[in-house]
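All remarks here apply to the structure that follows.
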Amino acid sequence: MLETLSLMGAGFLNALTPINLLMMAGGVAMGIVIGCMPGLSAAMGVALMLPMTFTMKPETGLIVLGAIYCGAIFGGSISAILIHTPGTPASAATAIEGYQMTLNGRAGKALFTACYSSFWGGLLSCISLYFFAPLLAQLTLKFRSAEYFWLSIFGLTIIAGVSGKSLVKGLISGALGLLLSTIGLDPITGAKRFMFGQSYFAEGINTTCALIGLFSMSQVFILAEKKIVQRAKATKVTDKMGLSREERKQIRPTIFRSWIIGNLIGILPGAGASIACFLGYNTSRQFSKHKEMFGKGSIEGVAGSEAANNAVTGGSLIPTLTLGIPGESVTAVLMGGLVIQGLTPGPELFGKYAPMTYTFFAGFVLVQFFMLGIGLLGSRGFAQISRLSDAILIPCVTVLCFVGSYAIHKNIMDIVVMLSFGVVGYLMRKFDLNTAAVVLALILGPIGEKGLRNALRSSQGDIGILFSSVVCWVLIALCVVGILSPLFMNRLEKKAEEEAVAGTDEDIEVLTQEDSV
Amino acid sequence: MKMKKSDIGVVAVMYFVCAFFYSQMLQLKADSQTYPRFTILLLFGLTTLYLVQMLVNWKRHGVQQGRDEAFLEFQSAQFFVCLAATILYLVLMYFLGFYISTVLFMAAVLLYLRVPYLHAGITIIVILALIYFAFSRFLGVRLPVGTLIKALR
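Protein chains in written order, with the working numbering: chain A, 15 to 531; chain B, 163 to 315.
Here you go:
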C-alpha cells in the first residue's frame, strides 16, 4: 500500500516536469482540434501523432497520446453544440440538447457544461484506473504460453465485433490481420516467411505504418470521394461561459451517475464512448427533476452525455494496459504506441515499469485539468477551426501521413506500406470490414503465435495443452462471450439511441400541446 | 437482411488471399508452417461461414447491389485525381525530396479542390512550418532530400 502511494506520488512529480506539461497542453489542444472537425476521428488523430512519440520517453509519449484521446472526445462536443454536427460519434447525444441551447442563445452555457462535465467524467475515471488496473494486471501472472494464445484470440473476438455491421466480417478482418502478422522472419526458427525476396519485411509489417494507413490515410480517401461542401457557420457565442451555483448543484448527481456508467462501459471490452454518451443522456433524463427542459436545451442532458463519454477514457485503459485487450479503435492505436515503445501490457507495467506507468496515470489526471482550461479558453476559436473545409484537410492529412510513416525508420518503403494499407483500409471500410481488427491482429498476432508454438513445443505437439488449465477454459468462455457481446452491445446502443430520440420527441409534443392550450 | 452482391467480391478476395498464402506456405519447412496454416485455415473457415450466411440471406430475403450504397456519393474524378496526386507525390518525393514535392503536391491538390489562392498559400506555409519545427528540429528527423537534388549538389 505504502509502495503504491509512493509510486503515485513519484508519478505526479515526474509528470509535472516542464516537458510533460508542455506535451499535455499540446496534446489536448491537438486532440480538441481533431475532435471538433467532423471529418476526423480520435483514432485517426492518435495514429497520426504516433510517430512523433517515438523519440520521446515512453511516459511522455503515452501522455501525449492520452491527451489527444481525451481532447478529441471532448472536442467532438464543440461542433455538436455549435453546428449540430458531432465531431466524433461520442458526442452524438450532446448534439441533441447542446444545439437546442445554442438556438436559445445559451451556447456559452452549453460549452461550459460540456467542458466542466467532461473534466469531471475524465477525472473521476482515473480513480478506477489507479485502483483496478494493478489488481487486474496481477491476474496475468498466472498466464503461461497456452493462456497467452487464448488471450490474443480473446482480444481479437472483442475488437472484431466493434464498430462493424457484421460480426463474421469483423472476425474475417481479424483473421486477415493474423495472416498478415506472419509476414517476416519466423520468431522461433528464423526462417523467412512470405517475404517475397524483400529483406524490408524481415521484421514483419511495420505496425505504425499499417496503423497510419488504415486509420488516417483511408480517411483521406473517404474525404476525397465525397463532394466538398461548405460546413455550417458556427453560431456566435453571445452569452457568458459559465454556470451558476444552482446549476452546478443541479448537474452534480448527473455527472456522478454518468461517471459510473461511462467507467463501466469503458472497462467492458467491446463497448465505447458512443454507447456511453447515449446511456448517460438517457439516465440523466430519467432522474432529472426538470424533465420538461429535455428537447428544449437541458444542461443535464449535455452533462450526462459528456461526463459519460469522457469517463470511458480512463476505464478503457484498464483492459488495454493490464490484459492487452483494447475495447475500441482508439485504445487499439494507443496499445500500438505502447508496444512500439517496447512495452508489453500486463504485470510488467506495474512491476518493472511501474514508475513509467504511474507517471502516465498522473499525466492522465493532469490532462483533465488542461482539457478544462484549454476547453474553456479556446472553445470559441476551436469552433471556427471545426469549419475547416475537407478540401484543406485532404492534402494536409496526406502530408502528415507521409512524414509520420517516414519518420519511423527514415525509409521510403514505409510510406509505400502506409499508402498500400491506406487503399486497403479504404476498401475495407467501404465493404464493412473492420480496420481496427486488422491492427489489433497485427499487434496480438506475434504474441499469440509465440504462445501457441511454445505451448505445442512443451507438450511435444499435443494440442490438449491448450485446454489444460482453468484459466484456459475461462479465456475460451470469454472468447465466446466476446463473440456474442457485440450483438448485445448493438442492441443496447440502438435502444439507447431510440430512447433518446423518442424521449425528445415526446417532450416536444407535450410542450406543443401545452403551448396550444 | 438481403445478400449484398458486392460481398461476392469480398469472399472471392479472401479465398484468393488464402490460396496465395497457402501456396507460399508449402515452400516453408514443416516447423514454420504451423502458425501460418492455423491462420489460413481460420480465414478460410470464417470466409466460408460468411458465404453460407450470404446464401441463407439470398434465399430468405433476396439480393441487393451493395456496391451502389457503398459508393453513393462517390465523386470519381475528384477521388482518382487525389489518388493519382498522392502516388505522384510519393514518386516526386524520391526524386525531388520532401519539401519541394510537398509544395507541389499541396498546391496542385488545393487548387484542384478550388481552395482560394490565399487560403492555399497559408495552408502550405503552416504545414511546412509545422513539419519543419516538429519533425526536423524537435524530433531531428532527416526528411528525404531527393536523388535529383543530391545529384545536383
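In this text, a Cβ means the ideal position worked out from N, Cα and C, and glycines have one as well.
Residue(s) in a DSSP beta bridge with residue i
i         : result
B/Met-373 : Not covered by the structure: residue 373 of chain B. The range shown for chain B is 163 to 315.
A/Leu-391 : Looking at the DSSP assignment, A/Leu-391 forms no beta bridge with any residue, so it has no partner.
A/Gly-198 : A/Arg-207
Contacts of residue i in chain B (Cβ-Cβ under 7 Å)
i         : result
A/Tyr-214 : Ordered by position in chain B, no residue passes the 7 Å Cβ test against A/Tyr-214, which lies about 15 Å from the chain.
Classification of residue i by the beta-carbon crowding that lies within 10 angstroms, buried from 16 upward
i         : result
A/Met-432 : buried
A/Glu-342 : buried
A/Phe-378 : buried
A/Lys-303 : exposed
A/Ser-258 : exposed
A/Trp-487 : exposed
B/Tyr-279 : exposed
B/Gly-302 : exposed
A/Thr-108 : buried
A/Ile-269 : buried
B/Leu-295 : For clarity, residue 295 of chain B is Phe in the given sequence; the question names Leu instead. Exposed is the call here.
B/Gln-240 : buried
A/Gly-439 : buried
B/Arg-304 : exposed
A/Ala-491 : exposed
A/Pro-369 : exposed
A/Val-531 : With a pLDDT of only 39 at A/Val-531, under the threshold of 50, the placement of this residue in the model should not be trusted; the figure read from the coordinates follows. Exposed, because fewer than 16 other Cβ atoms sit within 10 Å of the Cβ of A/Val-531.
B/Thr-309 : exposed
A/Ile-479 : buried
A/Ala-189 : buried
A/Ala-147 : buried
A/Leu-19  : exposed
Closer than 9 Å at the beta carbon, the chain B residues around residue i
i         : result
A/Asp-428 : Under the 9 Å cutoff, chain B gives no residues; its nearest Cβ is about 11 Å from A/Asp-428.
A/Met-38  : None at all; the shortest Cβ gap to chain B is about 16 Å.
A/Leu-466 : Thr-196, Tyr-197, Phe-200
Amino acids of chain A, ordered along the chain, whose beta-carbon sits closer than 8 Å to that of residue i
i         : result
B/Leu-272 : Ala-405, Ile-406, Pro-409
B/Ser-185 : Under the 8 Å cutoff, chain A gives no residues; its nearest Cβ is about 11 Å from B/Ser-185.
B/Leu-205 : Ile-186, Ala-189, Leu-190, Leu-192, Leu-193
B/Leu-202 : Sequence check: residue 202 of chain B is Ile here, not Leu. Simply Leu-193.
B/Gln-226 : Per Cβ cutoff of 8 Å: no residues; B/Gln-226 is ~13 Å from chain A at best.
B/Met-176 : Ile-186, Leu-190
B/Val-179 : Leu-190, Leu-193
B/Leu-252 : Phe-416, Ile-426, Ile-429, Val-430, Leu-433
As assigned by DSSP and simplified to three states, the class of residue i
i         : result
A/Ser-298 : helix
A/Met-442 : helix
B/Asp-340 : Given that chain B is displayed from residue 163 to residue 315, the structure contains no residue 340 of chain B and the question cannot be resolved.
A/Glu-17  : helix
A/Gly-356 : coil
B/Gly-302 : coil
A/Gly-280 : helix
B/Val-307 : coil
A/Ser-55  : coil
A/Thr-102 : coil
A/Met-70  : coil
A/Gln-212 : coil
B/Gln-240 : helix
B/Gln-189 : coil
A/Ser-530 : With a pLDDT of 46 at A/Ser-530, under the threshold of 50, the modelled position of this residue cannot be trusted; read the value that follows with caution. Three-state result, A/Ser-530: helix.
A/Leu-257 : coil
A/Lys-366 : coil
A/Asn-157 : One detail in the question is off: residue 157 of chain A reads as Phe in this sequence, not Asn. The answer is coil: DSSP assigns A/Phe-157 none of H, G, I, E or B.
A/Arg-120 : coil
A/Thr-31  : coil
B/Glu-235 : coil
A/His-304 : coil
A/Gly-311 : coil
B/Val-277 : coil
Interface partners of residue i on chain B, CB under 8 Å
i        : result
A/Thr-69 : Leu-301, Gly-302
Listed by chain order, chain A residues near residue i by CB distance under 9 Å
i         : result
B/Tyr-256 : Ile-426
B/Ala-313 : Ordered by position in chain A, no residue passes the 9 Å Cβ test against B/Ala-313, which lies about 17 Å from the chain.
B/Phe-318 : The structure shown does not extend to residue 318 of chain B, since chain B is modelled only from 163 to 315, so the question has no answer here.
B/Lys-191 : Asp-200, Thr-203, Ala-205
B/Tyr-279 : Simply none; closest approach about 13 Å.
B/Ile-293 : Val-413, Leu-414, Val-417
Contacts that residue i makes with chain A (C-beta to C-beta distance below 7 Å)
i         : result
B/Ser-222 : Per the sequence shown, residue 222 of chain B should be read as Arg rather than Ser. Within 7 Å Cβ-Cβ: nothing; B/Arg-222 doesn't reach chain A, min ~16 Å.
B/Met-268 : Pro-409, Val-413
Residue i Cβ short of 7 Å to the ligand FMN heavy atom set
i         : result
B/Met-176 : Among the components modelled here there is no ligand, and therefore nothing to report on the ligand FMN.
Just list the alpha helix (DSSP H) runs in the stretch 216–249 of chain A, keeping only unbroken ones of 4 residues or longer that don't cross its boundaries, in chain order. 221–225, 232–239
For the stretch 421–499 of chain A, which segments carrying the alpha helix (DSSP H) assignment without a break, of at least 4 residues, lie completely within its bounds, in sequence order? 426–444, 449–472
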